[in-house]
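In mature numbering (1 follows the signal peptide of the UniProt record, and there is no 0), the protein residues as written are -15 to -1, 1 to 124.
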């Protein structure tokens, strides 16, 4: 009984304290997927000369940096390079390249506008925080 008394005292003390806040689980795969979507749209904006605000570009770069680090650590330079290649816009070649590019850019315009608004809003702030947390844990 004597051995159990300190343990019981500790259990009672722990039960009386409110639980410590639990840090949100970092969904690294979800972050990497979102980073790829954002990165592809940033590249589309550049190719198509679509407006994308500077704060949105900065946030996109911070999110992408965390995803690059994740891919680098999981699969080395091969995985990192594949991640970067997957975000590249299509190569428009041949006679129809200008028409195809114009049509592709027209479909990307609303998506670029949406990602700009998202990155400049609360969701963008949260994504940057998740990216920074992930990057800190990966380093």
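Every residue, glycine too, gets a C-beta built ideally from N, C-alpha and C.
Model, not experiment: these values are computed from the prediction.
| Item | Value |
| --- | --- |
| Where the alpha helix (DSSP H) through residue 88 begins and ends | 82 to 104 |
| Residues of its chain near residue 37, where Cβ-Cβ distance is below 7 Å and the 5 sequence neighbours each way are ignored | 27, 30, 97 and 101 |
| Every unbroken alpha helix (DSSP H) within the stretch 13 to 61, with a cutoff of 4 residues, ordered by chain | 13 to 33 |
| Buried or exposed (CB count within 10 angstroms, at least 16 for buried), residue 49 | buried |
| Exposed unless 16 or more other CB atoms sit within 10 angstroms - verdict on residue 52 | buried |
| The stretch 104 to 115 touching the stretch 16 to 25, judged by at least three CB pairs closer than 8 Å | yes |
| Terminal residues of the alpha helix (DSSP H) in which residue 116 lies | 107 to 123 |
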